[in-house]
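Sequential numbering from 46 applies to the sequence shown in this note's numbering. First comes the structure, then the notes that go with it.
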Amino acid sequence: MITQTKAKNNPRVIAIQKIYGKFYNKDEDLTVGKHRFKKFIKDIVNGTIERNDFITEELETHLKQDLILSHLDKLFQVIIKCAVFELLYK
Numbered sequence: 046m047i048t049q050t051k052a053k054n055n056p057r058v059i060a061i062q063k064i065y066g067k068f069y070n071k072d073e074d075l076t077v078g079k080h081r082f083k084k085f086i087k088d089i090v091n092g093t094i095e096r097n098d099f100i101t102e103e104l105e106t107h108l109k110q111d112l113i114l115s116h117l118d119k120l121f122q123v124i125i126k127c128a129v130f131e132l133l134y135k
């Protein structure tokens, strides 16, 4: 059985939206509404924000020639940082 999921209900999309909002608005509330994967979303959001410096350092260490974060837009930086956090810590 194939289940259809909408992009707005995808937990990774919700996490990226929360982190993107937090980087632009430091006072934003990081509450997650009722969702099936609420704990996963909160773990990704809080972990990525807390370990932002370490993730940036790891990206510069391993992907310095291939990926220059300062040349990317903020949304793509958030997507990469979330993916790195998920790979390293989940």
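Glycine included, every Cβ here is placed at the ideal spot set by N, Cα and C.
Looking at the secondary structure, which residues open and close the alpha helix (DSSP H) in which residue i lies?
i	result
N91	83 to 95
Q62	56 to 69
I113	That residue, I113, is in no alpha helix (DSSP H); it is neither H nor E in DSSP.
A128	119 to 134
Count the other C-beta atoms from every protein chain shown that fall within 10 angstroms of the C-beta of residue i, then say buried if there are 16 or more, exposed otherwise.
i	result
A52	exposed
K67	buried
K71	exposed
H130	In the sequence as displayed, the identity of residue 130 is Phe instead of His. Its Cβ being crowded by 16 or more others within 10 Å, F130 is buried.
I86	buried
Between the C-alpha atoms of residue i and residue j, what's the straight-line distance to the nearest angstrom?
i	j	result
Y65	I89	12 Å
N55	V123	16 Å
L104	F121	13 Å
G78	K63	12 Å
L132	I100	11 Å
Checklist entry - So, do the region 110 to 120 and the region 79 to 99 have three or more beta carbon pairs nearer to each other than 8 Å? => result The region 110 to 120, when compared against the region 79 to 99, does not touch it at the 8 Å Cβ threshold.
Next on the checklist: Whether or not the region 99 to 112 and the region 70 to 83 are in contact is what I'm after, with contact meaning three or more pairs of Cβ atoms, one per stretch, closer than 8 Å; do they touch?
Outcome noted: With a cut-off of 8 Å, the region 99 to 112 and the region 70 to 83 do not count as touching, because too few Cβ pairs lie within range.
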